[in-house]
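Reading through the structure tokens given below for one structure.
Protein chains: 2
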Amino acid sequence: MAENQYPPLTLDLIREAAARIEGRVNRTPVMTSETLDAMAGARLFFKCENLQKVGAFKARGAANAVFALTDEEARQGVATHSSGNHAAALARAAGLRGIPAYIVMPDNAPVAKQDNVRRYGGEIILCEPTLEARESNAARVVADTGATFIHPYDNLMVMAGQGTAAVELLTDCPDLDLILCAVGGGGLLSGTAVAAKSLKRDIEVVAVEPAGADDAFRSVKAGRILPSIKPNTIADGLLTSLSERTFAEIQRHVDDIVTVSDTAIIAAMRRMWEVLKIVVEPSGAVAYSATSGTGLDLKDRRVGIMITGGNLDLDWLPWMSPKAQA
Amino acid sequence: MAENQYPPLTLDLIREAAARIEGRVNRTPVMTSETLDAMAGARLFFKCENLQKVGAFKARGAANAVFALTDEEARQGVATHSSGNHAAALARAAGLRGIPAYIVMPDNAPVAKQDNVRRYGGEIILCEPTLEARESNAARVVADTGATFIHPYDNLMVMAGQGTAAVELLTDCPDLDLILCAVGGGGLLSGTAVAAKSLKRDIEVVAVEPAGADDAFRSVKAGRILPSIKPNTIADGLLTSLSERTFAEIQRHVDDIVTVSDTAIIAAMRRMWEVLKIVVEPSGAVAYSATSGTGLDLKDRRVGIMITGGNLDLDWLPWMSPKAQA
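Protein sequences, first through last, are from chains A and B. The first sequence begins at 1 in this note's numbering and counts up by one. The second sequence begins at 327 in this note's numbering and counts up by one.
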């Protein structure tokens, strides 16, 4: 894939991130299952970021970004707009450093998500549920407070932090042939691809995207970023679009990209709950769902699988009929 | 508590079991959570037997019993009557040794449970759903085949195998003040109590039982085994009654026994799913559910919690029932 003008993410930055966040995030386990191996015809190694702090890999990038600030920068706090795992992760990281975190959220964000941010000490600024309102409110907060804006993925320190998961995975399982990684905004995918390719030249990195939010797939095929148009998928953590920065890393390092249906995601999610006995959110099952039906040749190969998170509403599960909803 | 006539389970037997089953079962992780610690006002250490082979601690006892047989005994296979985790565990252990496993199950046992046994190579003998039919069918199978009957808990090798979980827990967390352990038939509780008290003289072992199946509670208070009368609890793995053998160990080693409501069990289960991100069956949440509302003084203490298993039907979850929300 072609180069572009963005400064590259490097293994050095990822290693610095690993040192910076050590003790501030979990070193998550890698799970295996003979049952799932037999079904896939491959050896699968699940990197369990659902068992990460705040229940998602986002804890890594947020911690790295917050602790990379100078004392002077840090004093004025950090800000972001997000209603998801990054918001909680940033609030948590700021709390660890004892600085304010200003989180702009749409006023229709679930109360549970707002509570989650508050529990970590984040200060919530509610706004209308439009991208424009989120961006203008975030800009105003930054102007008013002097806080540093920490984008959920379009930020080199965040990307470097997310890459630490793959470093751990390859430390525990150095013989992997391939890594499957979901793509939304591309932060985890960028970090994973740079870490993996730097540590093991011949490893393959394959991105997996919900078919209902396939802007990355289309962008990679077109060679330029194409917008996400009315994305619709059960994998609600992957509705975001690539940034120029993450797209550049993907072009440099990712070998292939495939899409998966919501039906496949839900089946994969359920199978992980049943066999691995872990709670995985729909987005977290996307990488594993690509082990069948995508045409990828995994036969007898050693496959790393990034489980991105485990945060979801347990009042209803996607394999249940709507009428079962509480 | 008083002694009785049964030969005791010993730490030596448990250590022999640990050596015998090493590599044949998982060495399960111990999970911790700052969130759950804060809620309990204690330091909690969760021994994750839901991440054990076959999804339950039963894999330990079955493996020990099967591999403790002489070659001559083993050749004729093993038999049991069970529709639960022990059936799958025994089939799996027999499969590892390459010997037959005859599993007597009631003909109304869910197809999923039958499939589970078959998947591990077990041979199922269906019978009427009465204890009498199960026992007479098991006796006939043993007479016909020469198989060794392996009771789910009233068996010293099974009890010794279950005790290996506590040895691992105390190896990983030697400073525990107390262990909470659910009681059904008493196999895990016996093994846990003997291991814990032998390894750490001043540790407390507290049994936890669903209020709707409180035969162990009543038996301990009465000083003799009282029958279980129409047990009714969401914790379907704990409907069984103590045997003389397990009751003897409980009398010798268990410091206290408390009961918990189904409402408390369901709330605990859900909290474990939400915070620990692991799938725990109702019985598996019983020990943790005793951390509040039982009058136990856990303040600032280091508490080991046995999570017994993670096998349940994911088509419906207990908190989705109107009753569960009461």
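By construction, the Cβ of each residue, glycine as well, lies at the ideal position given by its N, Cα and C atoms.
Subject >> Neighbouring residues, chain A, relative to L640(B) (Cβ below 8 Å) >> reply: Numbered from its first residue, the second sequence carries residue 640(B) at position 314. Within chain A, the C-beta atoms nearer than 8 Å to that of L640(B) come from R270, W273, E274, L317 and W319, in chain order.
Original post:
Is the stretch 538 to 558 of chain B touching the stretch 365 to 374 of chain B, taking contact as three or more C-beta pairs under 8 Å?
Top reply: The stretch 538 to 558 of chain B is not in contact with the stretch 365 to 374 of chain B.
Subject >> A652(B) to T589(B) span [Cα, whole Å] >> reply: As a position in the second sequence, residue 652(B) is number 326, starting the count at 1. As a position in the second sequence, residue 589(B) is number 263, starting the count at 1. The predicted model places A652(B) with a pLDDT of 36, which falls under 50 and marks its position as unreliable, so this point remains unresolved.
**OP:** Please work out which residues of its chain come closer than 7 Å, Cβ to Cβ, to A91(A), disregarding the five sequence neighbours upstream and downstream, and give them in chain order.
**Re:** If you number the first sequence from 1, residue 91(A) lands on position 91. Answer for A91(A): A101, I103, V117, Y120, G121 and G122, listed in chain order.
Subject >> Members of the stretch 21 to 53 of chain A that neighbour chain E once the beta carbon cut-off is set at 7 Å >> reply: Checking the listed chains, one finds no chain E in this structure; the protein chains it contains are A and B.
Subject >> Nearest candidate by alpha-carbon position, reference L312(A), set A62(A), M269(A) and G295(A) >> reply: Residue numbering aside, residue 312(A) sits at position 312 when the first sequence is read from its first letter. Of the candidates A62(A), M269(A) and G295(A), the one whose C-alpha sits nearest the C-alpha of L312(A) is M269(A).
Original post:
Grouping DSSP H, G and I as helix and E and B as strand, with all else coil, what is R224(A)?
Top reply: The residue labelled residue 224(A) in the question sits at position 224 within the first sequence. Looking at R224(A) - three-state DSSP - the assignment turns out to be coil, as it is neither helix nor strand.
Original post:
With a cut-off of 7 Å, does the C-beta of G621(B) fall near any C-beta of chain A?
Top reply: Taking the first residue of the second sequence as position 1, residue 621(B) is located at position 295. For G621(B), the nearest beta carbon of chain A is not closer than 7 Å to its own beta carbon.
Original post:
Which residues does DSSP pair with H407(B) in a beta bridge?
Top reply: Within the second sequence, the letter at position 81 stands for residue 407(B). According to DSSP, H407(B) bridges with V430(B).
**OP:** Counting only the same chain and skipping the five closest in sequence on each side, list residues whose C-beta sits under 6 Å from that of A613(B).
**Re:** In the second sequence, counting from the first residue as 1, residue 613(B) sits at position 287. Cβ within range, chain order: L506, C507, A508, V534, I631 and M632.
Original post:
Is there contact here, the stretch 532 to 546 of chain B with the stretch 447 to 463 of chain B, by at least three beta-carbon pairs under 8 Å?
Top reply: Touching, no, given that fewer than three Cβ pairs across the two stretches are closer than 8 Å.
Subject >> Sequence-distant residues of the same chain with beta carbon closer than 8 Å to V206(A), five excluded per side >> reply: Here the question's residue 206(A) lines up with position 206 in the first sequence. The answer, listed in chain order, is L178, I179, L180, C181, V254, D255, D256, I257, V258, A290 and L296.
Subject >> Chain-ordered chain A contacts of K603(B) [CB-CB under 7 Å] >> reply: Residue numbering aside, residue 603(B) sits at position 277 when the second sequence is read from its first letter. When 7 Å is used as the limit between beta carbons, K603(B) is near these residues of chain A: N50, L51, G55, I278, V279 and G310, in chain order.
Original post:
Taking the alpha carbon of M105(A) as the point to measure from, which residue in I99(A), R134(A), A88(A) and D115(A) has its own alpha carbon closest?
Top reply: Taking the first residue of the first sequence as 1, we reach residue 105(A) at position 105. The shortest C-alpha separation from M105(A) is found at R134(A).
**OP:** Pull up the CB-CB distance for A413(B) and M483(B), whole angstroms please, since I reckon it's below 8 Å.
**Re:** Position 87 of the second sequence, counted from the first residue, corresponds to residue 413(B). Position 157 of the second sequence, counted from the first residue, corresponds to residue 483(B). In fact, because the Cβ distance is near 17 Å, the residues do not count as touching under 8 Å.
Original post:
When you compare each of G563(B), T358(B) and T456(B) to L51(A) by their alpha carbons, which one comes out closest?
Top reply: Translated into positions along the first sequence, residue 51(A) becomes position 51. Measuring from the Cα of L51(A), the nearest candidate turns out to be T358(B).
**OP:** Go ahead and pull the three-state DSSP assignment for R627(B).
**Re:** The residue you call residue 627(B) lines up with position 301 of the second sequence. Correct three-state label for R627(B): coil.
Original post:
Got a sec? Which residues, its chain only, sit under 8 Å from G185(A) by beta carbon, not counting five neighbours each side?
Top reply: Position 185 of the first sequence, counting from 1, holds the residue named residue 185(A). Taking G185(A) as the centre and dropping the five residues before and after it, the same chain places the C-beta of P152, Y153, D154, T240, S241, L242, S243 and T246 closer than 8 Å to its C-beta, in chain order.
Original post:
With DSSP run on the structure shown, which of helix, strand or coil describes K384(B)?
Top reply: To locate residue 384(B), count along the second sequence from 1; it is residue 58. K384(B): helix per DSSP, three-state reduction.
Original post:
Three or more C-beta pairs closer than 8 Å, one from the stretch 487 to 499 of chain B and one from the stretch 513 to 525 of chain B: is that the case here?
Top reply: Result yes; three or more Cβ-Cβ pairs closer than 8 Å.
**OP:** On the DSSP bridge assignment, give the partners of V258(A) in chain order.
**Re:** On the first sequence, position 258 is the one that residue 258(A) refers to. In DSSP, V258(A) forms a bridge with V208(A).
**OP:** Hey, could you find the ends of the alpha helix (DSSP H) L622(B) is sitting in?
**Re:** Working through the second sequence from its first residue, we reach residue 622(B) at position 296. L622(B): not part of any alpha helix (DSSP H); DSSP gives it neither H nor E.
**OP:** Report the rounded CA-to-CA distance for L176(A) versus L169(A), giving the unit in angstroms.
**Re:** For the purposes of this step, residue 176(A) is identified with residue 176 of the first sequence, where counting begins at 1. For the purposes of this step, residue 169(A) is identified with residue 169 of the first sequence, where counting begins at 1. A direct Cα-Cα distance of roughly 9 Å separates L176(A) from L169(A).
Subject >> C-beta atoms of I203(A) and A195(A) nearer than 7 Å >> reply: Reading the first sequence from its first residue, position 203 is the one you call residue 203(A). Reading the first sequence from its first residue, position 195 is the one you call residue 195(A). No. Outside cutoff.
Subject >> Whole-angstrom C-beta distance between V260(A) and M272(A), which should lie under 8 Å >> reply: For the purposes of this step, residue 272(A) is taken as the residue at position 272 of the first sequence. For the purposes of this step, residue 260(A) is taken as the residue at position 260 of the first sequence. That belief does not hold up - the Cβ atoms of M272(A) and V260(A) are roughly 14 Å apart, past 8 Å.
Original post:
Does DSSP put T148(A) in a helix, a strand or coil?
Top reply: Stepping through the first sequence from its first residue, residue 148(A) is reached at position 148. Reduced to three states, the DSSP call for T148(A) is strand.
**OP:** Tell me whether A464(B) sits in a helix, a strand or coil according to DSSP, three-state version.
**Re:** By 1-based counting over the second sequence, the position of residue 464(B) is 138. Three-state DSSP puts A464(B) in a helix.
Original post:
Going by C-alpha distance, which of R544(B), T456(B) and A405(B) is nearest A469(B)?
Top reply: Here residue 469(B) refers to the residue found at position 143 of the second sequence. Scanning R544(B), T456(B) and A405(B) for the CA closest to the CA of A469(B) turns up A405(B).
**OP:** Return the residue from the list F475(B), L643(B) and A465(B) that minimises the CA-CA distance to A593(B).
**Re:** As a position in the second sequence, residue 593(B) is number 267, starting the count at 1. Checking every option, the nearest Cα to that of A593(B) belongs to L643(B).
Original post:
What number of angstroms, rounded off, separates the C-alpha of E360(B) from the C-alpha of V467(B)?
Top reply: By 1-based counting over the second sequence, the position of residue 360(B) is 34. By 1-based counting over the second sequence, the position of residue 467(B) is 141. Rounded to the nearest angstrom, the gap between the Cα atoms of E360(B) and V467(B) is 51 Å.
**OP:** May I have the straight-line CA-CA distance separating S545(B) from I340(B), to the nearest angstrom?
**Re:** Looking up residue 545(B) in the second sequence gives position 219. Looking up residue 340(B) in the second sequence gives position 14. When only Cα atoms are considered, S545(B) and I340(B) end up about 26 Å apart.
Subject >> One or two residues paired with L176(A) in a DSSP bridge >> reply: Working through the first sequence from its first residue, we reach residue 176(A) at position 176. Answer is none; L176(A) lacks a bridge partner.
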